[in-house]
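The sequence shown: position 219 = 233 (this note's numbering), numbered continuously. Just so you know, even glycine gets a beta-carbon here, dropped at the ideal spot from N, CA and C. Source: prediction; values computed, not measured. Working notes, beginning with the structure itself.
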Amino acid sequence: MNTPFATNRRSFLKQIAVAGFAAPFVTRGLLAASPNGKLNHAAFGASGMSGADLNVITHHDFVNLVAVAEVDLKRAANLKQQFPNLKVYQDWREMLDKEKSIDCANVSTPDHQHAPMAMSAMQRGIHVYCQKPLTHDLHETRQLTLFAREKKLATQMGIQIHSQSEYRLAVRLIRDLVIGKVKEVHTWSSKKWGDTEALPGHTDPVPADFNWDLWLGVCAQRPFIGGGYYHPGNWRKRLDFGTGTFGDMGCHIYDPVFDALKLTAPLSVRSEGPAPNQWNWAVNAVIHYLFPGTEFTADKMVEVTWYDGDARPPKAVQALLGNREDGKPYGIPDQGSIFIGTKGVLLLPHIAKPKLFPQDQFAGFPMPKVQTVNHWTHWLEACRGNGKAWANFDYSGPLTEAVLLGSVATRFPKTTLAWDAAAMKFKNVSEANQFVRRTYRAGWEVKGLS
């Protein structure tokens, strides 16, 4: 039987554990003022990814879990059993209003609620750990980044592989110019968070103890459809609530690319794959990004291409990895990246150690020793005033913006969208600008976002 902490990341989490209102900003200082020097923690979400986050966060003896907001009370039952003194709310706004001692919180809900929850918490001086992608829309990402920076809050995005040795080693190798300067990068995920079907014609009763209106949050009202169509996982496929495969996995897989090359905002983005329909994201995306070059790239601009579903890098790119000992093509994993440099190629599987090619050229290469760091501990220590978390919003905000630009591009197939990051708008396709910022449902407005 699954517990609220049971996820497909269970083994990783065990490993890492061992190694609509406006509120005034409240400053409590970076060092927690909680009893016994503990951080009073709250959670947005009680199960799924929030359960996975809490499994590590509550492992620390200086963290006191005081409250959780969960629209589906059945998903909070096991958590309440484990923490008998835990306050459980269905409405996250009520939790923030009533729980005045919260120092830090994790936002681990469907994408469409990340920004309103995170911003509302930060406006109360609460340090925030927010799952990826940071937000559903570009404007939300920029606003969260600016606010967290202004108020000097401790933040972190849930791209936990950023702190693992595999990704940190890849970044080290690229920055050490082991494969020379990078000419291009190809990234991919086999996941298929999309749907080509129309909206089902039926509606269903809302389950007991599940508040559908609160689940919709900032999004427009619509009838509930059961059978897992929205809740608890398939919201990722739906335009209004999730961000497709790219939003789900792009923040992970683009992370070491963005980090290693020290990328900034892209100059343009172009989708060669299918467009979403009226309700759902598509699959089999092919998205080309053009970034300004850096000290780690071979040219003044560098192209990074994303593929998902059944789409993969061209055979010519895969052929750069050569053959295995049995003479068959080396092959690529279901998810990962290929960095093509002036002196070699680096393959970074998601998640495994990077490999260098041609194999004969790099035989016996002494790999640097890079350690895994606990991603959650790093943030919690920042909440206590001890440094800054590596994936804070100043880093993960621009990363998320880049990823979300790909989602917009899929709506305009075979069209190069020129991006003006400073102005937050597309320069050549005005129709695309409607997807930079959305309108929140009446009664759900949040200062700074809507």
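Beta-bridge partners of GLN349, as assigned by DSSP
The residue labelled residue 349 in the question sits at position 335 within the sequence shown. Paired residues: SER203.
Please classify ILE305 as buried or exposed, where buried requires at least 16 neighbouring CB atoms within 10 angstroms.
The count along the sequence shown starts at 1 and reaches residue 305 at position 291. Correcting the residue identity first, residue 305 is Phe in this sequence and not Ile. PHE305 comes out buried.
What does the Cβ neighbour count give for ARG452, buried or exposed, with the cut at 16 atoms within 10 Å?
Counting from one through the sequence shown, the residue named residue 452 turns up at place 438. With 16 or more Cβ atoms within 10 Å of its Cβ, ARG452 is classed as buried.
To the nearest angstrom, how far is it from the Cα of LEU334 to the Cα of PRO372?
Counting from one through the sequence shown, the residue named residue 334 turns up at place 320. Counting from one through the sequence shown, the residue named residue 372 turns up at place 358. Each residue's Cα considered, the two are about 8 Å apart.
Three CB pairs or more closer than 8 Å across the segment 291 to 304 and the segment 207 to 222
yes
CA-CA distance, GLN170 and LEU158?
Working through the sequence shown from its first residue, we reach residue 170 at position 156. Working through the sequence shown from its first residue, we reach residue 158 at position 144. Using only the alpha carbons, I get a separation of about 12 Å.
To which residues does DSSP link PHE305 through a beta bridge?
Translated into positions along the sequence shown, residue 305 becomes position 291. DSSP output for PHE305 lists VAL316 as bridge partner(s).
Starting from the N-terminal side, write out each stretch of the beta strand (DSSP E) that is 3 residues or longer and does not extend beyond the segment 367 to 455.
369 to 371 and 430 to 434
What's the C-alpha gap between PHE97 and LEU79?
Residue 97 sits at position 83 when you count from the first residue of the sequence shown. Residue 79 sits at position 65 when you count from the first residue of the sequence shown. About 8 Å.
Taking a contact to mean a Cβ-Cβ separation below 8 Å, would you say VAL185 touches PHE353 in this structure?
Your numbering for residue 185 matches position 171 in the sequence shown. Your numbering for residue 353 matches position 339 in the sequence shown. Cβ distance not < 8 Å, so VAL185 and PHE353 don't count as in contact.
Cβ-Cβ separation, LEU167 to SER134 (assumed contact under 8 Å), whole Å
As a first step, residue 134 must be located in the sequence shown, where it is residue number 120. As a first step, residue 167 must be located in the sequence shown, where it is residue number 153. Not a contact, Cβ separation roughly 13 Å.
Are LEU360 and GLY350 touching if we call contact CB-CB under 8 Å?
What you label residue 360 is simply residue 346 of the sequence shown in a count that begins at 1. What you label residue 350 is simply residue 336 of the sequence shown in a count that begins at 1. Not closer than 8 Å, so no.
Return the chain-ordered list of same chain residues with a C-beta closer than 6 Å to the C-beta of PRO382, the five sequence neighbours on each side being excluded.
For the purposes of this step, residue 382 is taken as residue 368 along the sequence shown, with counting starting at 1. Once the five neighbours on either side are set aside, the close Cβ partners of PRO382 are ARG186.
Expressed to the nearest angstrom, what Euclidean distance is found between the alpha-carbon atoms of LYS238 and TYR244?
Position 224 of the sequence shown, counting from 1, holds the residue named residue 238. Position 230 of the sequence shown, counting from 1, holds the residue named residue 244. The sequence as given places Phe at residue 238; Lys does not occur at that position. Near 8 Å, if we compare the C-alpha coordinates of TYR244 and PHE238.
DSSP-derived helix/strand/coil call for TYR181:
For this step, residue 181 is matched to residue 167 along the sequence shown. Helix, per DSSP.
Between TYR409, TRP404, TYR303 and GLY358, which has its C-alpha nearest TRP433's C-alpha?
Along the sequence shown, one-based indexing puts residue 433 at 419. Comparing Cα positions, the closest option is TYR303.
Name the residue from ASN248, ARG236, TRP207 and SER204 whose alpha carbon lies nearest to the alpha carbon of ASP218.
The count along the sequence shown starts at 1 and reaches residue 218 at position 204. Considering only alpha carbons, the answer is ARG236.
What residue ranges within the segment 112 to 172 form continuous beta strand (DSSP E) runs of no fewer than 3 residues, ordered along the chain?
118 to 121, 141 to 144 and 169 to 171
Is it buried or exposed for SER421, if we count other Cβ within 10 angstroms and need 16 for buried?
Within the sequence shown, numbered from 1, the residue matching residue 421 stands at position 407. SER421 is buried by the Cβ-count criterion.
Where GLU108 sits in the DSSP three-state scheme
In the sequence shown, the residue the question calls residue 108 occupies position 94. Correct three-state label for GLU108: helix.
Going by beta-carbon coordinates alone, are ASP269 and ILE193 separated by less than 8 Å?
As a working mapping, residue 269 is identified with position 255 in the sequence shown. As a working mapping, residue 193 is identified with position 179 in the sequence shown. Not a contact, by the Cβ cut-off of 8 Å.
Length of the line joining the Cα atoms of SER464 and HIS74:
Taking the first residue of the sequence shown as position 1, residue 464 is located at position 450. Taking the first residue of the sequence shown as position 1, residue 74 is located at position 60. Their backbone Cα atoms lie some 36 Å apart in a straight line.
Could you name the residues that DSSP lists as bridge partners for ASP86?
Start at 1 with the first residue of the sequence shown, and residue 86 comes out as number 72. DSSP, once it has assigned bridges, lists PHE224 as partnering ASP86.
Could you please give the first and the last residue of the uninterrupted alpha helix (DSSP H) stretch that includes LEU93?
As a first step, residue 93 is located in the sequence shown; it is residue number 79 there, counting from the start. Here the alpha helix (DSSP H) through LEU93 covers 91 to 96.
Quick one: Cα of ALA403 to Cα of ILE140, how far?
Locating residue 403 in the sequence shown gives position 389, where the first residue counts as 1. Locating residue 140 in the sequence shown gives position 126, where the first residue counts as 1. Between ALA403 and ILE140, the C-alpha separation is close to 15 Å.
Alpha-carbon to alpha-carbon, ARG156 and GLY411
As a first step, residue 411 must be located in the sequence shown, where it is residue number 397. As a first step, residue 156 must be located in the sequence shown, where it is residue number 142. C-alpha separation (whole angstroms): 7 Å.
Neighbourhood of SER177 by C-beta, 6 Å cutoff - its chain only, sequence neighbours within 5 removed:
Here residue 177 corresponds to residue number 163 of the sequence shown, with the count starting at 1. Excluding residues within five positions, the ones whose Cβ falls inside 6 Å are VAL387 and HIS389.
Within 10 Å of its beta-carbon, does SER282 have 16 or more other beta-carbons around it, so buried, or fewer, so exposed?
The residue labelled residue 282 in the question sits at position 268 within the sequence shown. Burial call: buried.
When you compare only the Cα positions, how much space is there between ALA77 and ASN442?
As a position in the sequence shown, residue 77 is number 63, starting the count at 1. As a position in the sequence shown, residue 442 is number 428, starting the count at 1. This sequence places Val at residue 77; Ala is not what is there. So the two alpha carbons sit approximately 49 Å from each other.
HIS266 lies in the alpha helix (DSSP H); which residues open and close that run?
For the purposes of this step, residue 266 is taken as the residue at position 252 of the sequence shown. Counting along the chain, the alpha helix (DSSP H) containing HIS266 begins and ends at 258 to 267.
Contact check, LYS94 vs VAL102 under 8 Å by CB: the rounded distance?
Numbered from 1 along the sequence shown, position 80 holds the residue referred to as residue 94. Numbered from 1 along the sequence shown, position 88 holds the residue referred to as residue 102. That belief holds up - the Cβ atoms of LYS94 and VAL102 are roughly 6 Å apart, short of 8 Å.
One question on the structure: do ILE175 and HIS266 come within less than 8 Å of each other, judged by their Cβ atoms?
Looking up residue 175 in the sequence shown gives position 161. Looking up residue 266 in the sequence shown gives position 252. Yes, these two residues count as a Cβ contact at 8 Å.
To which residues of the same chain is HIS161 closer than 7 Å at the C-beta, ignoring the five residues directly before and after it?
Here residue 161 is taken as the residue at index 147 of the sequence shown, counted from 1. According to the sequence as given, residue 161 is Phe; it is not His. The residues are MET133, MET136 and GLY462.
Endpoints, alpha helix (DSSP H) assigned at SER464
Along the sequence shown, read from residue 1 onward, the residue named residue 464 stands at position 450. Where SER464 is concerned, there is no enclosing alpha helix (DSSP H), given that its DSSP letter is neither H nor E.
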